[in-house]
Amino acid sequence: MHRGSSKAARDTLPAAGNLPLSASPTTDLLTIEVVIVRASRERHEQLTVALGSSVREAVRRVGLAPEGSAVLIDDVPVPLDLPIERALRLVVLPTFSGG
9 MHRGSSKAAR
19 DTLPAAGNLP
29 LSASPTTDLL
39 TIEVVIVRAS
49 RERHEQLTVA
59 LGSSVREAVR
69 RVGLAPEGSA
79 VLIDDVPVPL
89 DLPIERALRL
99 VVLPTFSGG
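Numbering-wise (my numbering), the sequence shown opens with residue 9 and increments by one.
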């Protein structure tokens, strides 16, 4: 036995109210709309994201490279690290294509 340990402590369980929780706390979820615009076509997707997720994460989830996309909210360009704090509509414009 190493210094400071106690076999007696192993046999005693803490009160249920004091047990550590192994799962993370419930997070607030938001539903957002993502519109991918290419040429004259639009693709609409709905995502459920955790409150505070970044715009970058949403763009990745629709299968696009965030660094190769411009993202607009209400016709205003936004940074990729902007946290999503409310239900909203993201317009994603891919800025490059393979070739």
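Don't be surprised by glycine CBs; every beta carbon is placed ideally from N, CA and C. Just so you know, these numbers come straight off a predicted model, no measurement behind them.
The bridge partners DSSP lists for Val43 are His52 and Val99. Contact annotation, Arg97 with Val43: C-beta distance approximately 7 Å; criterion of less than 8 Å satisfied.
Excluding residues up to 5 positions away in sequence, Ile40, Val42, Leu55, Val57, Ile92 and Leu98 lie with their Cβ nearer than 8 Å to the Cβ of Ala66 in the same chain. Residue environment: Val79 is assigned as buried (16 or more neighbouring CB atoms within 10 Å of its CB, all protein chains considered). Counting other Cβ atoms within 10 Å of its Cβ, Ser48 stays below 16 and is therefore classed as exposed. Pairing Leu59 with Leu90 gives a Cβ-Cβ distance that is not under 9 Å. Contact between Leu88 and Pro74 holds: their C-beta atoms lie close to 5 Å from each other, under 8 Å. Closest in C-alpha terms to Val84, from the list Gly76, Leu72 and Val100, comes Val100.
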